[in-house]
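Numbering (this note's numbering), first residue to last: 6 to 83.
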């Protein structure tokens, strides 16, 4: 389980970086990475506690990171 958690953090960080690099978000690199890691951690613990999953842990990490970027209201920033 520890390796899955570390992989989730790495994948979430990559998704946060790529979202800024491609222009999907305009939060700043560090902020996007923090948002993605937070969303991925949240879904990781939901997966452990309730058994809810979209598939393999890597897919869960990607989808939860993208979902966190969409849910967090950052469109007021310039």
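Just so it is clear, CB atoms sit at the ideal spot from N, CA and C, and this is done for glycine as well.
All figures in this text were calculated on a predicted structure; none of them were measured in a lab.
Residue burial is scored here from C-beta neighbours: residue 74 has at least 16 other C-beta atoms within 10 angstroms and is therefore classed as buried. Cβ-Cβ separation between residue 68 and residue 59: approximately 6 Å, consistent with a contact (criterion under 8 Å).
Remark: C-beta atoms of residue 38 and residue 22 approach each other more closely than 9 Å. Cβ-Cβ separation between residue 14 and residue 42: approximately 6 Å, consistent with a contact (criterion under 8 Å). Judged by DSSP secondary structure, residue 67 falls within the alpha helix (DSSP H) whose first and last residues are 62–76. In terms of Cβ geometry, residue 16 and residue 72 do not form a close pair [threshold 9 Å]. Between residue 8 and residue 56, the alpha-carbon positions lie close to 18 Å from each other.
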